[in-house]
Ligand SMILES: [Zn+2]
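Numbering (the numbering used here), first residue to last: 1169 to 1514.
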């Protein structure tokens, strides 16, 4: 894992705050205010993209105890600035759920200084920053940045919990560095599910061009990655999440393959982690009735509704070139074995 040498625990002097006058970031009527929030209960879905987080969030979102929010990490830009589509099909600005959440949390989305949040993210919510945020007791300067940054998430989660009427909200942001920030905020009762999938399947999935239907007026697609790049990203991302143990965050690992093969058992494991009654939204034949939900960003699968059959996507076994498969296997071998995946893909 890359670190920044002995400068990693200092505030990066090359990154100037875009507007220190407006510290802290939210302002109403010329008065600066720091978002405050009551206690909220948050299930954070972490893991490399295409590892089953969308499937897990959709299924859990059909229970009576959890409200799926999508990838909140991207709400600030894709929702507030770009006005992408919510999972309900409405533009973010027209969605009644998110409008209500924004009013309760911040007095309206226009009160959120997105540029300041972007800057804060660069300071505390990047892989390279985990070395500073993974400490139980970060420096006072770092802690102030974390509290300001994660305070916005706390306010949003609490408001979303109130509006949804469900005791837990699900943030499927995936980004490994974010829960390290959330763990330092006492208003957030945090639980993490670490989703993993065979890296060869993940690498194969990221070679395909996937459209982003939530972008209005354009033909946007998700990025693609080569095998080397993906194998490195998969290793760093998953290794990073193991460091959450330093902060004592209760967490659970769910393999995509186990989720697809036996979703009822995996839902029960998550329910145990949260201490809630395990609803059973999935039938014994692995079908689930998906309803529209207010997910602010994420995989195109968040728009799917209706009766859906859960099946394992193993296309990589047929389609992935042998050389690329061998490369990804070799590069990811230590964690691949630790997660129970064989070198031969079994
Ligand atoms: Zn909506």
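Every residue, glycine too, gets a C-beta built ideally from N, C-alpha and C. What you are looking at is a predicted structure, and each value in this text was computed from that prediction instead of being measured.
Taking 7 Å as the cut-off, is the beta-carbon of residue 1255 closer than that to any non-hydrogen atom of ligand 1? For ligand 1, at least one heavy atom lies less than 7 Å from the Cβ of residue 1255.
So residue 1396 and residue 1218 are supposed to be a Cβ contact under 8 Å. How far apart are they, rounded? Cβ atoms of residue 1396 and residue 1218 stay farther apart than 8 Å, at about 17 Å.
Under the three-state DSSP convention, the category residue 1340 falls into: In the structure shown, residue 1340 sits in a strand (DSSP, three-state: E or B).
If you measure from the CB of residue 1320, is any heavy atom of ligand 1 nearer than 7 Å? No, since every heavy atom of ligand 1 falls outside the 7 Å radius drawn around the Cβ of residue 1320.
Taking the straight line between their C-alpha atoms, what separation do you get for residue 1498 and residue 1391? Inter-residue distance for residue 1498 and residue 1391 is about 24 Å (C-alpha atoms, whole angstroms).
Helix or strand or just coil, what does DSSP make of residue 1291? Helix at residue 1291.
Spatial neighbours of residue 1317 within its chain, please: C-beta separation below 8 Å, excluding the five flanking residues on both sides. Here residue 1317 has 1285, 1288, 1289, 1291, 1292, 1293 and 1349 as same chain residues with Cβ atoms under 8 Å from its own Cβ, once five neighbours each way along the sequence are excluded.
Contact test: residue 1471 Cβ vs ligand 1 heavy atom, cutoff 7 Å: Residue 1471 has its CB no nearer than 7 Å to any heavy atom of ligand 1.
Are the stretch 1215 to 1229 and the stretch 1445 to 1463 touching, with three or more C-beta to C-beta distances below 8 Å? Three or more Cβ pairs closer than 8 Å define a contact, and the stretch 1215 to 1229 meets that threshold against the stretch 1445 to 1463.
Might you give, ordered along the chain, the residues of its own chain that have their beta carbon closer than 7 Å to the beta carbon of residue 1311, omitting 5 neighbours on each side? The beta carbon of residue 1311 sits closer than 7 Å to the beta carbons of 1352 from its chain, once the five residues preceding and following it are set aside; these are given in chain order.
Please list the terminal residues of the continuous alpha helix (DSSP H) segment that includes residue 1432. Unbroken alpha helix (DSSP H) run through residue 1432: 1431 to 1442.
Completely contained alpha helix (DSSP H) runs for the stretch 1259 to 1286, where each covers 4 or more residues: With a minimum length of 4 residues, the continuous alpha helix (DSSP H) runs that stay inside the stretch 1259 to 1286 are 1264 to 1274.
Integer-rounded CB distance, given that residue 1331 should sit under 8 Å from residue 1269: At roughly 5 Å, the Cβ-Cβ gap stays under 8 Å, so residue 1269 and residue 1331 are in contact.
Is it true that the stretch 1407 to 1416 meets the stretch 1299 to 1311, where meeting means three or more beta-carbon pairs spaced less than 8 Å apart? Using a C-beta cut-off of 8 Å, the stretch 1407 to 1416 makes contact with the stretch 1299 to 1311, since at least three inter-stretch Cβ pairs fall below that distance.
If I measure Cβ to Cβ from residue 1480 and keep anything under 7 Å in the same chain, skipping five residues before and after, which residues do I get? Cβ neighbours of residue 1480 beyond the five flanking positions: 1425, 1428 and 1429.
How many angstroms separate the CA atom of residue 1477 from the CA atom of residue 1236? Taking the straight line from one Cα to the other gives about 20 Å.
Count the other CB atoms, across all protein chains shown, that sit within 10 Å of the CB of residue 1440; report buried if there are 16 or more and exposed otherwise. By the 10 Å Cβ count, residue 1440 comes out exposed.
Cβ contact (3+ pairs, closer than 8 Å) linking the stretch 1458 to 1475 and the stretch 1241 to 1259: Contact between the stretch 1458 to 1475 and the stretch 1241 to 1259 is present, because at least three Cβ pairs lie under 8 Å.
Can the beta-carbon of residue 1363 be found closer than 8 Å to that of residue 1224? Inclusion of residue 1363 and residue 1224 in the CB contact set at 8 Å is warranted, their separation being smaller than that value.
Name the DSSP beta bridge partners of residue 1236, please? Residue pairing by DSSP places residue 1236 opposite 1338 in a beta bridge.
Mark residue 1214 as exposed unless 16 or more other C-beta atoms lie within 10 angstroms of its C-beta, in which case mark it buried. Answer is buried; the Cβ neighbour count reaches 16.
Would you say the beta carbon of residue 1277 comes nearer than 7 Å to a heavy atom of ligand 2? The model on display carries ligand 1 but not ligand 2.
Quick one: residues in its chain with C-beta nearer than 6 Å to the C-beta of residue 1496, no 5 flanking neighbours on either side, listed in chain order? Result list for residue 1496: 1367, 1368, 1371, 1395 and 1399, in chain order.
Rounded straight-line distance, which links the Cα of residue 1221 to that of residue 1421: Between residue 1421 and residue 1221, the C-alpha separation is close to 12 Å.
Does the stretch 1327 to 1347 come close enough to the stretch 1238 to 1248 that 3 or more CB-CB pairs lie under 8 Å? Segments in contact, yes.
Taking the alpha-carbon positions, what's the residue 1184 to residue 1500 distance? With a pLDDT of 34 at residue 1184, under the threshold of 50, the predicted position of this residue should be treated as unreliable, and no value is reported.
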